[in-house]
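Asker: From first to last, the protein sequence lines are chains A and B.
Each residue of the first sequence is one higher than the one before, starting from 0 at the first, in numbering that gives the first Met the number 0.
Each residue of the second sequence is one higher than the one before, starting from 0 at the first, in numbering that gives the first Met the number 0.
C-beta: ideal position from N, C-alpha, C; glycine also.
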Amino acid sequence: MATWNTLSDGRKAAAGQVFDALSTLDALTDFSADSQISRAVGFADLYAYATEPDRPMDERLQRALASDARLRGDLDRLLENTALYRFPRLAAASSGENDRREGDGFTIRLRQSRAEETQTYVIIEVHPGKEAPSTLFIFGAGHPYGKFPLPAAQDGVIQLLSETSSDLVKALLDVHTEVFIR
Amino acid sequence: MAGISAEQLVLEIGKSSELVAAFQMVAEAEMDGEPKFSPQVCRDLAKAIACRTYAKAVLELCHLVRLADTVAGGAGYEIFFWGAGLARAAGFRAQVLDAARRRGGRIPGLVVGDSGVTVSYPDGSFAVTYGRMPFLSALLEFLITTVGYADADALLRGTLRQGLTLKTISQMANELSRLVYDYLKDHLPTAQNQRKFRRLIDFVAGQAGEDFGPMNIDDAAIFEFWCQESAAMPVEGVDFKTFPAVFKAFVRLRQTLACAADYMAIENARVIGFDREAGEVDPDSILGMIETVDDYRSPLAALEEAPADAIKFLNRREVLALTLLFECGEAAFALPLSLLRCEVFGKGQGQLTQALRRRVGADELRMLIAACAPGTYLERNQDFRDIAVHLRRVLLACLHALARNRDRQAINLVMTLGPDMDFSPLGNLLNVGSAGDDGGGGGNVTVLRTATLSDRFLAAIEDDQRVGPEIARLMGEARRAFRGLSRQGFDDLSLKDGQIAKGYAAGAPILVEVGARLSAFLDLLGRLGLPYGNWDRQYAADKIAFSKQFERLYGGLL
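(1) When we look at the beta-carbon of residue 140 of chain B and count the other beta-carbons within 10 Å, is it buried (16 or more) or exposed?
(2) Along the chain, which unbroken stretches of the beta strand (DSSP E) at least 3 residues long are found entirely within the segment 121 to 158 of chain A?
(3) Using a C-beta cutoff of 9 Å, does residue 20 of chain B count as contacting chain A?
(4) Find the nearest neighbour of residue 173 of chain B within the set B:210, B:69, B:399 and B:62, judged by alpha-carbon distance.
(5) Shorter than 9 Å from the beta carbon of residue 110 of chain A to some beta carbon of chain B?
(6) Have a look at residue 22 of chain B and residue 554 of chain B and give me their C-alpha separation to the nearest angstrom.
(7) When you compare only the Cα positions, how much space is there between residue 269 of chain B and residue 281 of chain B?
(8) Can you tell me where the beta strand (DSSP E) holding residue 158 of chain B begins and where it ends?
(9) Just verifying my parser: in three-state terms, what is the DSSP assignment at residue 460 of chain B?
(10) Starting from residue 192 of chain B, find everything on chain A with Cβ-Cβ shorter than 7 Å and list it in chain order.
(11) Name, in chain order, the residues that DSSP records as bridge partners for residue 145 of chain B.
(12) Suppose you measure from the CA of residue 138 of chain B to the CA of residue 530 of chain B; what does that come to, to the nearest Å?
(13) Under 9 Å, do residue 51 of chain B and residue 293 of chain B count as touching if we go by C-beta distance?
(14) Ends of the alpha helix (DSSP H) at residue 111 of chain A?
(15) Looking only at DSSP bridge pairs, what is residue 565 of chain B linked to?
(16) Roughly how many whole angstroms lie between the Cα atoms of residue 32 of chain A and residue 164 of chain A?
(17) Between residue 97 of chain A and chain B, is any beta-carbon pair separated by less than 9 Å?
(18) Residue range of the beta strand (DSSP E) that residue 127 of chain B falls in?
(19) Quick check on residue 41 of chain A - is its C-beta less than 9 Å from some C-beta in chain B?
(20) Just tell me which of A:114, A:72 and A:47 has its CA closest to the CA of residue 78 of chain B.
(21) Is residue 334 of chain B near residue 299 of chain B, with beta carbons less than 9 Å apart?
(22) Rounded to a whole number of angstroms, what is the C-alpha to C-alpha distance between residue 325 of chain B and residue 517 of chain B?
(23) Measuring alpha carbon to alpha carbon, tell me which of B:160, B:525 and B:255 ends up nearest residue 377 of chain B.
(24) Please report the straight-line C-alpha distance between residue 547 of chain B and residue 370 of chain B, rounded to a whole angstrom.
(25) In the structure shown, what three-state DSSP assignment does residue 84 of chain A receive?
(26) Measure from the alpha carbon of residue 133 of chain B to the alpha carbon of each residue in B:200, B:28, B:460 and B:458, then state which is nearest.
(27) Run through DSSP, which three-state label would residue 119 of chain A get?
(28) Taking only beta carbons into account, state which residues of the segment 101 to 123 of chain B come closer than 8 Å to chain A, listed in chain order.
(29) Would you say the beta carbon of residue 136 of chain B is closer than 8 Å to some non-hydrogen atom of the ligand SAH?
(30) So is residue 132 of chain A buried or exposed if we call it buried at 16+ other beta carbons inside 10 Å?
(31) Locate the alpha helix (DSSP H) running through residue 512 of chain B, then write down its first and last residues.
(32) Does the beta carbon of residue 46 of chain A sit closer than 9 Å to a beta carbon anywhere in chain B?
(33) Which of the three DSSP states is assigned to residue 180 of chain A in this structure?
(34) Confirm, please, whether the CB-CB distance from residue 241 of chain B to residue 348 of chain B is below 9 Å.
(35) Taking only three categories from DSSP, how would you classify residue 337 of chain B?
(36) Please report the residue range of the beta strand (DSSP E) in which residue 100 of chain A lies.
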């Protein structure tokens, strides 16, 4: 069996690298015994939130997004990548409010209910040949990552009835709000 | 120990906590409440990180990402990795085959095969096997966890463009590898590990002289090192506070020195890009040696992999009880007392550090220091013996299951479980006479005869009139063992399940290996010449020594 003195400098260096690799392997895999860390938010959580209509923004995800700019950047990019369509902010409009957004294949309109003045219809028109969305995401000041599952389209139209004072209606009226449908 | 805070005593300096947390996220990723990646895939990923052998895998990943997006019909690669359940070869294969079926049998740009998929490019093609996909999926998860989805995606999305060549994909893979390299450069604990290596080498050289070898690392040296170093202030990020950490470091040093002969091969290897004069070594060579060392733990790991994992041969407590023994491999047999110290007093120290994390009061801390350990050496010996008994019971149950399924593994197991049995009654049963009896002839005779012998034996294995009283008794024992186990896979209904049958066939030889190693270790523990004569007296003496050291380490916090 080789002893330390019989090893050349090159082999001693190699021994150091093997020891380093084994020690790192231990450090990476020895967490199970005394793991104290509660499971952090990972990409799977972002993916589930972005793609599952009924997956809510739970407190853990909310906290993680609030404290981690990179995670917010990741979610923004994921939503952009997985969206059917992205309605950009209507920065050109000067009134500050807008009740209609036109996009390539989709239109979003807001219409006050005739039966109940405190309520507003959110109407999404799906143009022929376009896949109907199942979720609507809104991003803007005061309502980051708002998510709303959508009912099935009827003859190319999706309708949601919401309180006029709701976050959804306020956000859609706000020209600074960005909207994704998926 | 004045000047060291409770936090310092709890933290293991030298670990890159961010890297460990990132890896932990990958290892603990779940899909529908189950671990997304198998333990073996996670271990392979850890090795690729530790040995920095990720470059080839990153290239494969780039091709797989293109493949995944093509399978999804251009809807993004993400669905392939996160939208379809656990990362298993069968799952990825099903996604590909399903996509091909929906598109009339073929996917433009891909050639779908039985074992994998080939991605076509104008200047060639690249194949990715289904078996490789779970590992590449784990690598992607690690990449996204460490460098972020936005940065990784910025590069990966480039692989989806039309008209790309093998060469351009290769360039993109290099850029992605650079991202991983930059991250690991800042997060791998290489410098601390090298300093730790130096300290251990200096210690052993100080004790045994410059011409030392693995044989100079013994129980006494490890204990002395821990007593000497654990209470010292950390130097340049290196400390040796816990006995388990010290034990593991010496085991790793021992293994490193034991495979020193293989370094000759490394030295002779000519790999472009590595400066041998400066001591640089090809990462693949390092990985080869790590694989050799890591092979010791493979039996336990194999029980957690399909198809053996369909059956609960060992529960979590039993696996945990055997883990250190199997991780240490041959070193466990050279350092048995240290292993027991680790299992007994190391656990006691673990309780102390947990208590410090919980910021317990002085009374509880004082009590833990005085108690020193949650068990004794004799109790730990008994735990090993109990598991050995359980293993025999499980093997008997396996024998029943294999015999019922007419699996030829049953024959090997009969020989293993009853090597001294009287097999003479089998003589007549297996006397098949000429080749003509086998219904075959010519070149196939031997194969057919072997098969027929096995079949005859299996058909008769539970018939005491034909196999004799000893084998019949063993089979009765096997039947009772099977019925006495109330764990997943040990019931008559499960035996009809094809996956369970495969699980028994795969699990039985592994359990034989586990049992053999455990028996050898128990045998060693039984005849070990201990410094204090027997396990009782050794425990009493060690308890005084550990308690004194714990007092030095943690008493200042009272």
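Answerer: Reading off the structure:
(1) buried
(2) 134 to 138 and 145 to 148
(3) yes
(4) The shortest Cα separation from residue 173 of chain B among B:210, B:69, B:399 and B:62 belongs to B:62.
(5) No, its Cβ sits nowhere closer than 9 Å to a Cβ of chain B.
(6) Taking the straight line from one Cα to the other gives about 34 Å.
(7) Residue placement at residue 269 of chain B cannot be trusted, given a pLDDT of 48 that sits under 50; what the coordinates show is reported in the next sentence. Whole-angstrom Cα-Cα distance: 9 Å.
(8) No beta strand (DSSP E) holds residue 158 of chain B; DSSP gives it neither H nor E.
(9) coil
(10) 18, 19, 22 and 23
(11) Bridge partners of residue 145 of chain B: none, in fact.
(12) 48 Å
(13) Not a contact, by the Cβ cut-off of 9 Å.
(14) Counting along the chain, residue 111 of chain A falls outside any alpha helix (DSSP H), though it belongs to the beta strand (DSSP E) covering 105 to 111.
(15) Residue 565 of chain B lies beyond the stretch modelled for chain B, which goes from 0 to 557, so this question has no answer here.
(16) With a pLDDT of only 47 at residue 32 of chain A, under 50, the local geometry of the prediction cannot be trusted, and the value read off the model is given with reservation. Cα-Cα distance, rounded: 51 Å.
(17) no
(18) It spans 123 to 128 - the beta strand (DSSP E) in which residue 127 of chain B sits, taken as one unbroken run.
(19) yes
(20) With distances taken between Cα atoms, residue 78 of chain B lies closest to A:47.
(21) no
(22) 9 Å
(23) B:525
(24) Taking the straight line from one Cα to the other gives about 11 Å.
(25) strand
(26) B:28
(27) strand
(28) Flagged: no residues at all.
(29) What this structure holds is no ligand at all, so the ligand SAH is not there to describe.
(30) buried
(31) 497 to 526
(32) Residue 46 of chain A counts as touching chain B.
(33) strand
(34) For the pair residue 348 of chain B and residue 241 of chain B, the CB atoms are nearer than the 9 Å cut-off.
(35) In the structure shown, residue 337 of chain B sits in a helix (DSSP, three-state: H, G or I).
(36) 99 to 101
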